[in-house]
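Here the protein sequences come in this chain order: A and B. For the first sequence, numbering that gives the first Met the number 0 begins at 0 and goes up steadily by one. For the second sequence, numbering that gives the first Met the number 0 begins at 0 and goes up steadily by one. In what follows, a structure is listed as structure tokens, so that the remarks can point back to it.
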Amino acid sequence: MRLRFTLNGKPTEVEVEPYELLAEVLRERLGLIGTKIGCGEGECGACTVLVDGTSILSCIYPAAKVQGRTVTTIEGLSPGEELHPVQEAFIEHFAAQCGYCTPGLVMSTVALLQENPHPGYGEILEGLSGNLCRCTGYYQIVEAVKAVIGQGLGLRGQGKS
Amino acid sequence: MDTSALGQPITRIDIQTKVRGTRKFPQDFNLPGQLYGAVVWSAYPHARVRRIDTHTAEAMPGVVRILTYRDVPRNEYGINIRDQTLLVPEGGKVRWLGDRIAIVVAESERQARAAAEKVQVEYEVLPVVTDPREAMREGSPLVHEDRETNILRHVRVRKGDVEAGFAHSDVVVEDVYITPMVEHAYLQPEAGIGYIDEEGRVTVIAAAQWPHDDLHQIAHLLQLPLEQVREIVPAIGGAFGGREDMYIQHLLALCAFVVRRPVKIVFTREESFRNTGKRHPFYFRYKWGATREGKIVAVEIEGISDAGAYASTSIPVLNNAVSFMAGPYAIPNAKIDGYAVYTNNAVTMAMRGFGATQPPVAYEQQADRLAEALGMDPVEFRLKNLLEPGTETVLGNRMPPGTGIKETLLQAARAAGWREEAGRWIRPDLGTPSAPYKRRGIGVACAYKNVGYSFGFDDRSTAEVELSLDESGRIGRVTVAIGAAEVGQGVHTALQQIAAEALKVDPARVRIALVDTSRVPDAGSSSASRHVYTSGNAVLGACRLAYERWQKALREETGERTVRAAYTFHGRDLRPTTPYDPLTGQCEPHISYSFGTQIALVEVDIETGEVDLLKMWTSTDVGRVINPPMVLGQVAGGVHMGVGYALTEHFIQEGGYVRTRRLSEYAVPTVLDMPRELVNVDVEVPDPTGPFGAKGLGETPTLPTAPAILNAIAHAVGIRITEPPATPERVWRALQGKK
């Protein structure tokens, strides 16, 4: 089937099989390797991307469902040299070690802060609880999230935020 | 440069591309014309393979080739002893579920997996043995029929007179402790690609902790000269010991070698759980005696590890475990027996701590119980017994300068509110529980671990440094070539800082070359918390040599634009180690150590058995802090793994079959499961042999976490969880038993 959608701000067309999952299409057909697959069952959150601004788990999300919609991946957060404030904060706070869970955590953070620009501590934890990290113990990730709260976040260059 | 590069929060060398999602992990590589491989795994934990029939599978769409044992030039391997086949032959045995029968290579991954299901294998099912205590007994089914027994290794330690020690003791405590099997659960599933490079070498791109050792193993399997094999290590999505031994490298190499086209293999998480190595479960018996003054005088310990179906690193893991079973204490009389035993369970191997992680679950609960029996504060009791520089251990060696474990206990205890009054230590007030059905408790645990390879194995690392000079002869760029795998722990940033410090340049000028065995020298493995110490010393040595040559070139005005130097560091040159004496176990076990103490404040729900982690205090003696936020990251990550060990993570097998099949059935702690607050104090008691005094760090912070939590549970509700994880069900049952 022919899939037409907006990917990181650009109109995109790709031929996919009906059974293909969004993470596979992004990685294998469109070469966007920033979206990671960690479990294949929506448990670890490494595959988190935004569909119409809401976070979804692309490793269990049928690609066909994004027909006509807007998809934002980690590559769409900082298309140029400039980084997204969430990415800046992750760097500043040493919030990545091996880095495999990082794109998913960055996307979950962006989604969390779009929905609730001023989350309390408990809300931050809830917002990150769908993403597993095996390296950091999460503290520096939480610090990074706290650091960006109130910076007036939105998706830049995405049309929709 | 005016300021030191050490002790600074230098931005991680690899983090920008990681937050952008552009850094490539093994599954992110694709090559033109690549094929896909799928493994046919054993269907049984113990069986003889009668016949392998690939005809139906070969006729499936897209199938290019099906590899079986006939395709392996020399079908034997093993990191320590060669007790494994790459692909099990007809007439041979499968000894666990992770044994491999065949690899299907096809045009697409789906086609390869579909055909793998059509490979027909006839088995003669054999009886399994899954409890190492039973496997030790005579008449038990033999996992390896060419051996007389399932016992892979026995280590004995005999020091002083244990019977006299117990007779002299005022209190004796004894119990059985069982530690669980644990899955590494790194976030990046096993993956990679094998191909023939432009020079005709069999080349593998994979996440490996010890790329140069893999080369030797692959060369043997394929009967190729070493220089005909190459391994490239891109970003690694966590390792924790699980990538120290080969898990996919040899499969990729064989595919490329036979098919002569690029072949990619990616394991599903289910394959990762079912078919890769785990942390050893240990079955401990502990009997300890102390005097009323609070001195531990005798220990008798038996520790049996489940080695699973193949040796992997079970022998060195047992060696290490035995050396830490008596804990970080000065004890005059000891009788210790350690065994590693083959079973039909999952292969067990290195995992963060390498045998030093299981014993603290037992020895720190023993220490608490002795303190309780004596009516003594647990901090005070430990202070009377902890090792100091020069103290003799149960192995007869003396602890080196830089033994800072007491300092970690003092720092952690004071931070947690312990006070000292007239020579007695007093626990802090814990405040009021958050509900009438909850009880608070606080627990302390100390632990220590070797840094570097032990027991006579040479710990060495080679670094090559190249200085590019600008027109005025100043250092423009520095390139460090070293085969140290960056598994996420931050070793490349730490080595960058060490090089910058040694050369007095801005760390931004230092780059670490891609780990490609055809271009960088052997640095040994990313394990044993050793790279900052061993490879740090290698980089330091190479930089000092380069610095001298550069200065000489400047003095002599040679006009050179490039200065090179290489240096190999040998641990044995500073502190030689020796193997266990076969009768007494007396030896010089380790080169260097790192030390840690953690304290946990918990609340236990007496109606549900749930344990809530309110706060933890951590203190690790790292010798010298290279990068403070990176130290914190390693400590917090260690605590995370320790929380899983104490409370949530349990890899379950029954009769050799895996019951924990995927990530949703294995509770890796989420952010909500972590202690709500973490207070960390770094301790810097330098090791004079470490680079700028630094020791290792990666493993020690995970050792005290579980026993600190278990001791806190005991303090809160008076029950001892001797078989973690302390799930709500287990805690609740123990509470019912107490009523």
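Built from N, CA and C at the ideal position, the CB exists for glycine as well.
At a C-beta separation below 9 Å, S54 (chain A) has no neighbours in chain B, since its nearest C-beta there lies roughly 15 Å away. When C-beta atoms of the region 433-453 of chain B are compared with those of the region 539-547 of chain B, fewer than three pairs fall below 8 Å, so the two segments do not count as touching. Taking C-beta atoms as the reference points, V682 (chain B) and D620 (chain B) count as a pair closer than 8 Å.
Annotation: C46 (chain A) has no Cβ neighbours in chain B at a cutoff of 8 Å; minimum Cβ distance is about 11 Å.
In the displayed model, C58 (chain A) falls within coil according to three-state DSSP, outside both helix and strand. For E301 (chain B), the uninterrupted beta strand (DSSP E) segment begins and ends at 295-307. Annotated as distal: K437 (chain B) and D672 (chain B), with beta-carbon spacing of 8 Å or more. In this structure, the straight-line span from the alpha carbon of Q597 (chain B) to that of L131 (chain A) is close to 24 Å.
In the three-state scheme derived from DSSP, where H, G and I count as helix and E and B as strand, A484 (chain B) is classed as coil. Chain B places a beta carbon closer than 8 Å to that of L131 (chain A), counting this residue as a contact. At least one CB of chain B lies nearer than 8 Å to the CB of I32 (chain A). Following the DSSP letters along the chain, one finds H714 (chain B) inside the alpha helix (DSSP H) bounded by residues 704-716.
In this structure, the beta-carbon distance from S139 (chain B) to L96 (chain B) does not fall below 8 Å. Between the region 207-219 of chain B and the region 455-472 of chain B there are fewer than three inter-stretch CB-CB distances shorter than 8 Å, so the stretches are not counted as touching. Any Cβ of chain A closer than 8 Å to the Cβ of L662 (chain B) would place that residue at the interface, and such an atom is present. Pairing F281 (chain B) with Q357 (chain B) gives a Cβ-Cβ distance under 8 Å. Taking C-beta atoms under 8 Å as the contact rule, E42 (chain A) and S663 (chain B) qualify, at a distance of about 4 Å. Counting every other CB atom within 10 Å of its CB across the protein chains shown gives Y447 (chain B) a total of 16 or more, marking it as buried. Under the 8 Å criterion on CB atoms, P102 (chain A) is classed as interfacial with respect to chain B.
T108 (chain A) and V85 (chain A) have their C-alpha atoms spaced approximately 7 Å apart. Neighbours of L466 (chain B) across chain A, judged by C-beta separation under 7 Å, do not exist; the nearest C-beta is about 28 Å away.
Straight across, the Cα-Cα distance linking K737 (chain B) with I718 (chain B) is about 7 Å.
Inter-residue distance for V296 (chain B) and I140 (chain A) is about 46 Å (C-alpha atoms, whole angstroms).
Under a criterion of Cβ atoms nearer than 7 Å, the residues of chain B adjacent to G39 (chain A) are, in order, T267, R268. Nearest in C-alpha terms to A306 (chain B), of all of B:V298, B:V316, B:G416, B:I300, is B:V316.
Taking 8 Å as the cut-off, the Cβ atoms of S57 (chain A) and T669 (chain B) do not count as close.
DSSP, reduced to helix, strand and coil, places N332 (chain B) within a strand of the structure shown. Close partners of T135 (chain A) in chain B (Cβ separation under 7 Å): G632, A635, G636. Following the DSSP letters along the chain, one finds R273 (chain B) inside the alpha helix (DSSP H) bounded by residues 268-274. Legend: CB atoms of the region 480-494 of chain B lying less than 9 Å from CB atoms of chain A belong to residues E485, V486, G487, Q488, G489. By the criterion of at least three beta-carbon pairs nearer than 8 Å, the region 94-102 of chain A is in contact with the region 14-23 of chain B. Distance from the CA atom of A333 (chain B) to the CA atom of V393 (chain B), rounded to whole angstroms, is 6 Å. In this structure, A645 (chain B) lies near T704 (chain B), with their beta-carbon atoms less than 8 Å apart.
From the beta-carbon of S77 (chain A), the residues of chain B found nearer than 8 Å are R19.
Rounded to the nearest whole angstrom, the CA to CA distance from E198 (chain B) to R229 (chain B) is 10 Å.
The beta strand (DSSP E) runs lying completely inside the region 152-221 of chain B and spanning 3 residues or more are 170-178, 190-195, 201-205, given in chain order.
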